[in-house]
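With the working numbering applied, the sequence shown corresponds to residues 41 to 364, in that order. Note that beta-carbon positions come from the ideal geometry of N, C-alpha and C, so glycine has one too. All of these numbers come straight from a predicted model, not from anything done at the bench. Just below is one structure, and these are the notes that go with it.
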Amino acid sequence: MSLCSRFNRCALSSVLVLLSFFALSATIFAQTPDLHLSLSDSLNACPCETGKIIEVNMANYNDTVVAFEFLLVMDRPNVIFFQESFDTSGTLISGWEYVNVEHLGTEYNIRITARAEDNMPYTTPGIVPQSGSVPLIKIPIDVMSIPDTLTDRTVLILFGGPAPCFKNNQGNCIGAVPVEDYDSTFYRCIDWADPPENTICNEYIQIPTPPYDSLAIDTTIYYVVDTNLVHTEDHWIDIYPGMVGDYNGDGLYNLADILANIVAVYPPGGTPPFDLPPMIYRDFSCDCDNNLNDILQLINYIYVVPIGQPSTCSCIEWRNDCEL
Ligand SMILES: [Ca+2]
Ligand SMILES: [Ca+2]
Ligand SMILES: [Ca+2]
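In structure tokens:
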């Protein structure tokens, strides 16, 4: 075996050893959270839609949850707002004795508070460790009458404020870790003893800042939720256009929509050269499909008056017919 060949084999062995080490390190050091919070996947809504449900999901991997409090906030106003309401049917907290949802300052923020027990007898169970396949709670939102000319149609909903507190059977917030806080108090001597005892102070007064003759340090321990142990996952909500079949979302039906839809239905080479917009932007005929019919009806509507009649449905009708 040549030196080169032996060298390559040796180098390969070293790489494998290193890779094994990193894989082992990742196994050892990757921190598994105690709690994970998220919102419904791929949310979208229509202008003026009311009561759209956001599901909050929670996975508690180690502890039973008997109470919680957390905030949901939006990153922008005037598109969506939270109802001061909730639905616990079919959720992890169905049957809990206290649940409250309230606006916090504005209708774009809410505080959600719940506890399994609120009165005797104390028999309502908490949420035993589970991986989040059932929603924790359902929160309704309303969408304002936003115009199609609004180009940025997404709203971020996130877990806001301090880290959420989900209490276990011991009454502690899951994932809370102790933090020490030091508070210094300064004293100055106003009456030293006479020599030779003049290192002894007969009377001290407390002063706000140094210089000082004596110092006392108080240690206070408080608990904060460690975000390595409690993970939160934010989500976007997309607001559809009010005009179904408005391919480019500019609030108009015109030649641009027809041409784009032709490329979408009959892509050159068989594959669309770009990511297609959601079906609602392409489905002018409101039959939950995108095909020649949409192109012909759009042409009729724009150019063959009076044969062409608008066949579009409302955004909410389309969503109800085609998404549920
Ligand atoms: Ca009870
Ligand atoms: Ca258009
Ligand atoms: Ca269609």
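Practice task
Could you tell me which residues DSSP puts in a beta bridge with D258?
Solution key: D223
Exercise for the section: Look at the alpha carbon of E142 and the alpha carbon of V113, and state the distance between them as a whole number of angstroms. Expected result: 12 Å
Problem - Where V270 falls, given that 16 or more other Cβ within 10 Å makes a residue buried - result: buried
Handout entry: Any 3 or more C-beta pairs closer than 8 Å across the region 283-294 and the region 316-334
Key = yes
Problem - Inter-residue Cα distance where the pair is P117 and S224 - result: 43 Å
Handout entry: For C203, the three-state DSSP class (helix, strand or coil)
Key = A small fix is needed here, since residue 203 is Ala in this sequence, not Cys. Residue state, collapsed to three classes: strand.
Handout entry: Minimum C-alpha distance to A6 - residue among N208, G172, P187
Key = Past the edges of the chain, shown from 41 to 364, lies residue 6, and the structure says nothing about it.
Exercise for the section: Assuming G201 and L77 form a contact by the criterion Cβ under 8 Å, report the distance between their Cβ atoms to the nearest whole angstrom. Expected result: About 13 Å separates the two Cβ atoms, so there is no contact after all.
Exercise for the section: With L336 as the anchor, note down where its alpha helix (DSSP H) starts and where it stops. Expected result: 332-343
Exercise for the section: Going by CA-CA distance only, name the one from E243, P251, Y101, T194 that's closest to P75. Expected result: Correcting the residue type first, residue 75 is Leu in the shown sequence and not Pro. Checking every option, the nearest Cα to that of L75 belongs to Y101.
Problem - DSSP-derived helix/strand/coil call for F62 - result: Since pLDDT at F62 reaches only 43, below the 50 mark, its modelled position is unreliable, and the value read off the structure follows with that caveat. F62 falls in the helix class under three-state DSSP.
Exercise for the section: Using only alpha-carbon positions, find the residue among E243, A107, Y280, T352 that is nearest to A156. Expected result: A107
Exercise for the section: Decide if Y262 is buried, meaning its Cβ has at least 16 other Cβ atoms within 10 Å, or exposed. Expected result: exposed
Practice task
Indicate, with yes or no, if ligand 2 has a heavy atom lying under 7 Å from the CB of N288.
Solution key: yes
Exercise for the section: Using DSSP bridges, identify the partner residues of A99. Expected result: H76
Exercise for the section: Please write down, chain order preserved, every residue whose beta carbon lies under 5 Å from a heavy atom of ligand 3. Expected result: D323, S325, D327, D329, D334
Handout entry: Straight-line Cα distance separating T260 from T90
Key = 48 Å
Problem - Own chain partners of N331 with C-beta closer than 8 Å, once the 5 adjacent residues on each side are dropped - result: V305
Practice task
Could you tell me whether the Cβ atoms of C355 and P281 are closer together than 8 Å?
Solution key: yes
Practice task
Could you tell me the distance, in whole angstroms, from the CA atom of E357 to the CA atom of D274?
Solution key: 28 Å
Exercise for the section: Return yes when the C-beta of Y293 is under 7 Å from any heavy atom of ligand 2, and no when it is not. Expected result: yes
Handout entry: Nearest-angstrom Cα separation, counted from F121 out to P180
Key = 9 Å
Practice task
Check the DSSP bridge columns for R228 and list the partner residues they point to.
Solution key: I245
Problem - Entirely enclosed alpha helix (DSSP H) segments - the region 256-321, minimum 4 residues - result: 295-305
Practice task
Give the single residue among L338, C213, D258 whose Cα lies nearest to the Cα of L295.
Solution key: L338
Problem - 3-residue-minimum beta strand (DSSP E) runs that sit fully inside the region 102-140, ordered along the chain - result: 107-114, 120-122
Handout entry: Neighbouring residues (CB closer than 7 Å to any heavy atom of ligand 1)
Key = E137, E157, D158, N159, M160, P161, Y162, T163, T164
Handout entry: beta-carbon A296 near ligand 2 non-hydrogen atom, thresh 7 Å
Key = yes
Handout entry: Residues near S134 in its chain [Cβ-Cβ closer than 8 Å; skip 5 each side]
Key = T128
Practice task
Return the CA-CA distance between A85 and A256, expressed in angstroms with no decimal places.
Solution key: 59 Å
Practice task
Kindly indicate the opening and closing residues of the alpha helix (DSSP H) around R359.
Solution key: 355-363
Practice task
Less than 8 Å between the CB atoms is what I'm expecting for I167 and L79, so what's the real figure, rounded?
Solution key: I167 to L79, Cβ: 18 Å. No contact.
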